[in-house]
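Inspection log for the structure reproduced underneath, given as C-alpha cells.
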Amino acid sequence: MSYHYVLPEISESGKIGCSLPALDVPPTELPPKQLLRQELELPEVSEVELMRYFTALSKLNYGVDTGFYPLGSCTMKYNPKWHEDIARLAGFASIHPLQPEESVQGALQLMFELEEYLTEITGTHATSLVPIAGAHGEFTGLLLVKAYHQDRGDKARKKILLTDSSHGTNPASAVMCGFEIGVVASDGEGNVDMKDLESAMNEEVAALTLTMPTTLGLFDPKILEIGQLVHERGGLLGADGANLNALLGQVKFGELGYDYVQLNLHKTFSTPHGGGGPGSGPVCVKENLADFLPSPLVTKNKGMYKFVSPTKSIGRVANFWGNFGVMCKAYAYIRSLGAEGLKEVSENAVLNANYLKEKLKPYYYLSYDRICMHEVVFSGRRQKAKGVHTVDIAKRLLDYGLHPPTVYFPLVVDEALMIEPTETESKQTLDAFVEAMKEIARDVEENPEVLHTAPHSTPVRRLDDVRAARNPDLRWHMRS
Amino acid sequence: MTSIMPSSYLPNTDADRRAMMREIGVGLIEELFQDIPEKLRHAQFKLPSPLSELELRKELSQLASRNISLDNYACFLGGGSYRHFIPSTVEHVISRSEFYTAYTPYQAEVSQGTLQGAYEYQSLVCQLAGMEVSNAGMYDGSTAAAEAAIMACMITKRGKVAVATTVNPIYRGVISTYVEGRNLSVETVESNSSLSSDCACLVAQQPNFFGHLEEMEAHAQKAHDIGALFIAIVDPISLGMFKPPGHYGADIAVADGQALGNPTSFGGPGLGVFTCRQEYLRQMPGRIVGKTVDVEGKPGYVMTLVTREQYIRRERATSNICTSEALMALAAAVYLATLGKRGLRQVAELCYHKAHYATEKIAELKRYSLVFPEPFFKEFAIRCPVAPSQINHALLKEGIVGGLDISHIIDNTILLCVTEMNTKHEIDKLAEILGAL
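Protein chains in written order, with this note's numbering: chain A, 1 to 480; chain B, 1 to 437.
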C-alpha cells in the first residue's frame with residue numbers, strides 16, 4: 001500500500017472515524033457570533049481508511065521490537081509487554097490528577113514507593129518524580145543548585161562547569177537556569193583533566209555536572225577526588241544520569257560524592273521511548289538539596305499517602321505530578337528485578353558492551369582501549385582515510401536491518417560511533433551485528449560505493465536535509 | 001556472576017556469558033568494574049525481593065483498584081486535565097510497537113512512520129488553532145506556556161512577562177519558575193489594567209481558569225500596542241466551535257493537548273501544543289518535522305531546522321527540550337483525524353450544551369449561583385452555601401467525583417466541568433445532591 005499521501009488526500013466530506021452520542025439535554029442558545037469560528041477545516045476519514053493509513057505508517061518505522069537498537073547513550077532496551085498493560089489499568093489510566101487524595105491512595109502509594117526505590121538505588125535522601133523528561137530533570141536539578149546557593153547568600157556562583165563530552169542538553173539546561181557555562185577538558189584516557197578542573201573550579205562555579213560513566217562509556221576512577229575538589233571550593237556535583245544502566249545495583253551516586261542525580265526512566269528503567277517521549281526524569285538529591293525540591297512530593301502519615309510541598313521549594317515545574325503512566329512501568333521493572341536483578345542488568349549491559357568492543361576492535365579504531373562500561377565509542381577515522389564517513393557506515397547498517405549506533409557524538413571523538421547494546425540483547429544478536437560491521441569494514445576497502453549510496457533497502461533513501469531547512473514544508477493545508 | 005535464568009529482562013544464558021567473558025579475557029564479571037573504586041563497590045540495596053509477572057500483575061491490579069476510577073464514577077472535575085471520549089482508534093494506533101518502541105527519529109530512513117505522523121500532527125493542530133506553524137509537541141500546557149514566554153523575551157529583547165490573573169494558577173507558577181530561572185521577571189496583570197512598555201508579552205487563557213470566555217481581541221490589541229507579543233493558552237476541544245487563536249491576533253498559541261485523545265492518567269503523560277506565526281519559526285523550541293525528498297526524488301520527512309536545538313547548538317539552543325511527548329502527539333493526530341471536522345464540532349457542542357444545562361439545573365437551586373456571567377464553554381465557577389470540600393465529600397459517597405475546590409481564590413466556590421462524557425442522568429443527580437445539602 002502506498003503511503004505517499006497525507007490525510008486531506010483521503011478525506012471526503014461526510015466521513016467520520018467513530019460515532020458520538022446524540023444530545024440528551026435541551027439545547028441552549030449559542031454564544032454571540034463573534035466568539036464562534038466560521039469554519040473548521042479538518043480531514044474527514046472513515047475508520048477503516050484511518051486505520052490502514054496509520055498502520056501503513058507504522059510499517060515504515062524501526063523499533064526495539066523490530067530489531068537491535070544499539071544507540072549509545074539512549075539505552076534502547078527491550079520493553080516488557082506486561083508493563084504496558086499495568087499503566088493501562090483503569091485504576092491508573094482513568095484517574096484525574098486533582099481527585100481527592102483519599103480516592104487515589106493506590107496511585108500515591110505507587111509514587112511514594114517509587115520515590116523510595118529511586119532514592120535507595122541512587123544512595124540519596126529524597127526524590128522528585130515531577131520532571132517530565134531527562135532534560136527537564138537536568139533543568140530542575142540546576143534550579144535546585146541555584147536555590148541552594150541563593151539560600152546560603154552566595155550570589156557569586158553564576159557558572160556551571162561541564163565536560164567537553166557532555167550531552168547538548170547539559171549546557172542548554174544551564175542557560176535556561178540563568179547560568180554561564182565553563183568547559184572542562186578530558187585527558188588522554190577519557191577522564192576528567194584534573195589540572196583543567198583545578199584551574200576552572202573557583203568561587204564563581206555553582207556546580208560541576210558530570211555524566212557517570214562519561215559519554216565515552218568510561219568510569220572515571222578519580223570520581224572521589226573530583227567530588228572532593230568541587231566541594232572544597234564550595235560547589236556542588238551533579239549527574240546527568242543518562243548512563244545509570246552501567247551502575248545499577250553496583251554503586252550509589254550518593255556514595256560517589258554526587259549531590260544530585262537526574263534519572264531517565266525511559267532509558268534505565270525500560271519504559272519505551274515512544275518515538276521521542278513520553279519520558280520521565282526524576283531528580284534524586286542529598287539532604288542539602290531536599291528542601292528545595294519542586295512541589296509536590298508524596299509522604300506517608302498514619303497509613304495515608306498525601307502530597308506535600310518542601311519548605312523552600314523552587315515551586316512548580318509542570319502541570320501536575322509528572323508522567324504517572326511512565327512511573328507505573330518503571331515501578332513494575334524495579335519490582336520484577338529487585339536488588340539482585342538490577343545488579344545483573346548492569347553486569348550484562350557491561351559484559352555485552354565489552355564483548356562488542358573486543359570483537360570490533362580489529363576493524364574499527366578504538367579511541368580509548370580500556371575496559372568500558374555499558375557502551376563503547378569507536379572512531380571511524382580508519383574508514384575516513386579511505387573516504388568513507390561514519391554516516392555512510394550508519395546508513396549501510398540500515399540495509400542489514402539493524403539500527404545504527406549513535407554517530408558523531410561525543411563531539412571529542414572524530415567520526416564517533418557510540419555503541420550501547422544493553423543487557424536485553426543476546427549473544428546471538430550481538431554476533432549478527434559484529435558480522436554486519438565486519439562486512440561493512442570489508443566493503444570500505446573493496447566496494448566503498450555501496451556505502452556512499454546506502455541505504456538501498458529502506459522505505460526512503462537518504463533525504464535532503466538542506467532542502468528541508470531552506471524551504472520549510474511543515475504542514476499540509478486543506479484543499480478548499 | 002550468579003547463575004540466573006534467561007528472562008525477558010536478560011536473555012543471555014550462562015554459557016553465553018562464559019563464552020563472552022573468555023573473548024574479553026576476564027575470569028570474573030567483577031573485573032569489568034575495576035575502574036570503580038573498590039571501597040564503593042558492593043553497595044547494599046534495600047529493595048523488595050523480585051516477583052514474577054503473575055504475582056506482580058495481581059498485586060498491581062489490587063493497588064490500581066484502591067483508586068476510584070472515572071470509568072466507574074461520574075466526574076465533574078477539570079482544572080487543567082479533562083476527561084473526554086477517546087475513540088478506540090487512538091489506543092490501537094499508539095499501541096503498535098513500531099511506534100512506541102522507536103527512538104527519536106534521528107535515522108529518518110527507518111523512522112518515516114514517526115516523522116509522517118508528526119507532520120500530520122503539526123498540520124492538524126495548525127488547522128485547529130488557525131495558526132501558521134507548529135512544533136512536534138512539548139511536555140504539557142504549562143511548560144509550553146513558559147517556553148512561549150521566554151521565546152517572546154528573546155524575540156522582543158525585553159525582560160518582563162505579563163500574565164493575566166485569570167490564567168490557571170499552576171500555569172502561572174510554572175511560568176514564574178521558568179522565567180525567573182532565566183533571571184527575567186513576571187508581572188501579574190488584571191484584565192482591565194494597562195501594560196508597561198517593557199513587557200515582552202501578555203499571556204492570557206481562553207476560556208480562562210474559571211471557564212469564562214475572555215475578550216481575546218482586546219488582549220491582543222493591548223499587547224501589540226506596546227510592541228509585545230500576545231500568547232494565548234487555549235482549550236483545544238473548545239476550538240471545535242469557538243474562534244481559534246490565529247483569528248484573534250495570537251502570535252504564539254499553546255495548549256495542553258491531553259484532552260486530544262489522551263487519558264487523564266493522574267496527570268501524565270500529557271502533551272504541550274505549541275504553535276506560532278511563521279515569522280517566529282526559527283525561535284521556536286522543540287522538534288519540528290519537515291517534508292523533503294530523498295536522493296531519488298521520492299517524498300519523505302526529516303527533523304528540520306535543527307540548528308535551533310540543543311544537540312547541535314548546545315548553550316545557544318532555543319530550548320533544552322529533547323525527549324518530549326511524541327507518542328501523545330501521535331495520539332492527538334489520530335484523535336483529530338478520527339473525529340474530523342464534524343466530530344470535533346459535535347464534541348465541543350455536546351460539552352457546551354450539557355454544561356449550560358448543568359448551570360440551569362444548579363441555578364434552580366437558588367442557594368447556588370454562577371460567579372462569572374456568560375459566556376462560558378464547559379467549566380464554570382459556582383458559589384456554594386456550604387464548603388466545597390463538604391460537597392465533594394458528599395458527592396464521592398454517591399459515586400460522583402465532584403469539582404475543584406477553589407475557595408482559596410474565591411470564597412466557597414467550586415469549579416465544575418461538564419463534558420460529553422457526562423449524561424443528563426449524572427447532571428440531574430449532581431443537582432439533586434447539591435440541592436439536598
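Backbone N, C-alpha and C fix where the C-beta goes; we use that ideal spot for every residue, glycine too. The structure presented is a predicted model; accordingly, all values stated were derived computationally and were not measured.
Item: D256(B) versus A332(B): straight-line alpha-carbon distance, rounded; Value: 11 Å
Item: DSSP bridge partner residues for T163(A) (one or two, in chain order); Value: V184(A)
Item: Span of the beta strand (DSSP E) around F230(B); Value: L229 to V234
Item: At least three beta-carbon pairs within less than 8 Å, the region 319 to 335 of chain B to the region 388 to 396 of chain B; Value: no
Item: Stretch-stretch touch, CB-based, cutoff 8 Å, three pairs: the region 87 to 97 of chain B with the region 281 to 299 of chain B; Value: no
Item: Selected residue, minimal CA-CA separation from Q150(A), among K395(A), A339(A) and K312(A); Value: K312(A)
Item: Exposed unless 16 or more other CB atoms sit within 10 angstroms - verdict on N447(A); Value: exposed
Item: Beta-carbon gap between A133(A) and E315(B) smaller than 8 Å; Value: no
Item: Cβ neighbours of H224(B) in the same chain (closer than 8 Å, five flanking residues each side left out); Value: F230 and G249
Item: Boundaries of the alpha helix (DSSP H) in which P31(A) is found, first to last residue; Value: Counting along the chain, P31(A) falls outside any alpha helix (DSSP H), and DSSP gives it neither H nor E.
Item: Cβ neighbour criterion (16 or more within 10 Å) applied to D16(B); Value: buried
Item: Proximity test, Cβ basis, 8 Å: K354(B) and chain A; Value: yes
Item: Cα-Cα separation between L32(B) and L351(A), rounded to whole angstroms; Value: 7 Å
Item: Distance CB(I334(A))-CB(Y5(A)) smaller than 8 Å; Value: no
Item: Cβ contact (3+ pairs, closer than 8 Å) linking the region 415 to 429 of chain A and the region 257 to 274 of chain B; Value: no
Item: 8 Å Cβ cutoff met for Q283(B) and V133(B); Value: no
Item: Nearest-angstrom Cα separation, counted from C276(B) out to I226(B); Value: 19 Å
Item: S3(B) burial status per 10 Å Cβ neighbour count (16 or more: buried); Value: The predicted model places S3(B) with a pLDDT of 49, which falls under 50 and marks its position as unreliable, so this point remains unresolved.
Item: Reduced DSSP category for L184(B) - H, G, I as helix; E, B as strand; rest coil; Value: coil
Item: T359(B) vs F377(B) beta-carbon contact at 8 Å; Value: no
Item: Endpoints, the beta strand (DSSP E) within which A206(A) is located; Value: V205 to T209
Item: C417(B): first and last residue of the uninterrupted beta strand (DSSP E) it sits in; Value: T413 to C417
Item: Presumed contact (8 Å Cβ cut-off) between K424(B) and V25(A), rounded CB distance; Value: 5 Å
Item: Reduced DSSP secondary structure (H/G/I, E/B, other) of N191(A); Value: coil
Item: Residues near A128(B) in its chain [Cβ-Cβ closer than 8 Å; skip 5 each side]; Value: Per the sequence shown, residue 128(B) should be read as Leu rather than Ala. If we look at L128(B) and ignore the five residues flanking it on each side, its Cβ neighbours are P236, L239, P244, L336 and L344.
Item: Segments of 3+ residues assigned as beta strand (DSSP E) that fall wholly inside the region 267 to 315 of chain A; Value: 283 to 285, 297 to 301 and 304 to 308
Item: Chain B contact for S309(A) (CB, 8 Å cutoff); Value: no
Item: Contact residues within the region 109 to 124 of chain A, judged by C-beta distance below 8 Å to chain B; Value: Q109, L110, Y117, E120, I121 and G123
Item: Within the region 22 to 93 of chain A, ranges of the alpha helix (DSSP H) (whole runs, at least 4 residues); Value: 47 to 58, 81 to 87 and 90 to 93
Item: Under 8 Å between C-beta atoms of Y260(A) and V298(A); Value: no
Item: Chain A contact for H247(B) (CB, 8 Å cutoff); Value: yes
Item: Backbone CA spacing between L202(B) and V161(B) [nearest angstrom]; Value: 7 Å
Item: Selection from A239(A), D464(A) and E439(A) that minimises the alpha carbon distance to K167(A); Value: Residue identity differs from the one stated: residue 167(A) is His in this sequence, not Lys. The option with the nearest alpha carbon to H167(A) is A239(A).
Item: DSSP-derived helix/strand/coil call for S212(B); Value: This sequence places His at residue 212(B); Ser is not what is there. Note: H212(B) maps to strand in three-state DSSP.
Item: Within-8 Å CB hit, K491(B) to chain A; Value: In the structure as shown, chain B begins at 1 and stops at 437. Residue 491(B) is therefore absent and cannot be evaluated.
Item: Any chain A beta carbon closer than 8 Å to C276(B); Value: no
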